[in-house]
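Residue numbers (the working numbering): 159 to 294.
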């Protein structure tokens, strides 16, 4: 989201972003934020993959084109927080998760640092399902 602007809404048309406020429509241009590289965080939300069982996630795959660093911040059952760096390899990136971390709800955020652009295509997880529904 844009900070220090009093836009009431935003629109994207043909790859161009516009900000709207009471005195008009503004085209937002440039690849930096007032000369600084851009940092962004995308909240993916909490996932339980439609199953109440305890889960372990071994790795994540991200289809992205970006010129900055990309991380996955993971909070499991509001208890365990870890941040993983996606390895910068072509347009498909992978990260391995910590072993031994398990839970029902996995809240995830993509963290983008020092970027000028990012195009996200896909995000996939390798999920292992436990027979347990309650963590001991």
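Backbone N, C-alpha and C fix where the C-beta goes; we use that ideal spot for every residue, glycine too.
Keep in mind the model is a prediction, meaning the values are calculated, not measured.
Between the segment 240 to 253 and the segment 218 to 227, do at least 3 Cβ pairs fall closer than 8 Å?
yes
Buried or exposed (CB count within 10 angstroms, at least 16 for buried), residue 185: exposed
Assuming the contact rule is C-beta atoms closer than 8 Å, residue 212 and residue 266 should be a hit. Round their C-beta distance to whole Å, please. Contact flag wrong, Cβ pair sits at about 17 Å.
Chain C within 9 Å of residue 182, Cβ atoms only:
Among the chains in the structure shown there is no chain C, since it carries only a single protein chain.
- Item | Backbone CA spacing between residue 259 and residue 268 [nearest angstrom] | 19 Å
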